[in-house]
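> Residue numbers (full-length UniProt numbering): 1 to 160.
First the structure, which I've put down as structure tokens, then a few questions once you've had a look.
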Amino acid sequence: MDRPTTLFGSHVRKAKVMPALDGRQMPAKLNIGREGTANQWSGSLPSGPRTIADDPFASKDRARPAEPVGNPAMWVSADDYPPAAIRGGEEGRVQVVLTVDRTGRVGGCDVKAPSGSALLDQAMSSVLTRRARFRPALGDDGKPTEGRYERTMIWALPQS
1 MDRPTTLFGS
11 HVRKAKVMPA
21 LDGRQMPAKL
31 NIGREGTANQ
41 WSGSLPSGPR
51 TIADDPFASK
61 DRARPAEPVG
71 NPAMWVSADD
81 YPPAAIRGGE
91 EGRVQVVLTV
101 DRTGRVGGCD
111 VKAPSGSALL
121 DQAMSSVLTR
131 RARFRPALGD
141 DGKPTEGRYE
151 RTMIWALPQS
């Protein structure tokens, strides 16, 4: 698992890597036969000249998730730490799910796992909604579509 990076008193955890999916949107598996050899494919191949576009194994899926533009660690700075939370000594880890629209802007921010501080959760939601920018998700047809992006951020007070 990736380690959080520290920047301006906050920690940022990188996004999760998603497994390859098969045609049924299930995690893809390699079937192994006897003696560690792959099972034979029983389909038929087209006859005549072939191009890469004719490859039955080539992915026709052009879908992709929403991708951050720039470094997500730069979306939040120490200046975003709520003064009341600093005075109260509040720290915590907040996990958010951003809804990204077809243009790459954040349309909504849901707190999936709260930090324990309503001040910190609200500040993170507000900052990410204003500053986060994305390359929009693409559907199977390769056209922009709504997507989701999950991130965990850690509010940490400076060590004195």
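Glycine included, every Cβ here is placed at the ideal spot set by N, Cα and C.
Quick caveat, the model's predicted, so the values are computed rather than measured.
Rank A137, E150, M153 by C-alpha distance to the C-alpha of A66 and give the top, closest one.
Here residue 66 refers to the residue found at position 66 when the sequence shown is read from its first residue. Comparing Cα-Cα distances from A66 to each of A137, E150, M153, the minimum goes to A137.
> Does at least one heavy atom of the ligand ZN sit under 7 Å from the Cβ of C109?
This structure simply doesn't include the ligand ZN, nor any ligand for that matter.
> Among G139, G92, R102, which has the Cα closest to the Cα of S117?
Here residue 117 is taken as the residue at index 117 of the sequence shown, counted from 1. Here the closest residue by C-alpha is G92.
> Report the rounded CA-to-CA distance for R64 versus R87, giving the unit in angstroms.
Here the question's residue 64 lines up with position 64 in the sequence shown. Here the question's residue 87 lines up with position 87 in the sequence shown. Distance between the alpha carbons of R64 and R87 is about 42 Å.
> Do you know how far the Cα of N71 is from the Cα of G108?
Along the sequence shown, one-based indexing puts residue 108 at 108. Along the sequence shown, one-based indexing puts residue 71 at 71. Taking the straight line from one Cα to the other gives about 20 Å.
> Any chance the segment 77-85 sits against the segment 95-110, with 3 or more Cβ pairs inside 8 Å?
no
> Look at the alpha carbon of T129 and the alpha carbon of V106, and state the distance between them as a whole number of angstroms.
Here residue 129 refers to the residue found at position 129 when the sequence shown is read from its first residue. Here residue 106 refers to the residue found at position 106 when the sequence shown is read from its first residue. Roughly 5 Å separates the two Cα atoms.
> Determine the extent of the alpha helix (DSSP H) in which T103 is found, giving its start and end residues.
Against the sequence shown, residue 103 aligns to sequence position 103. Neither: T103 is in no alpha helix (DSSP H) and is coded neither H nor E.
> Would you tell me roughly how many angstroms separate the C-alpha atoms of S125 and G142, rounded to the nearest one?
Reading the sequence shown from its first residue, position 125 is the one you call residue 125. Reading the sequence shown from its first residue, position 142 is the one you call residue 142. When rounded, the distance between both Cα atoms is 29 Å.
> Can you name, in chain order, every residue of its own chain whose Cβ lies under 6 Å from the Cβ of D110, other than the five neighbours on each side?
Here residue 110 refers to the residue found at position 110 when the sequence shown is read from its first residue. Taken in chain order, the residues that qualify are V97.
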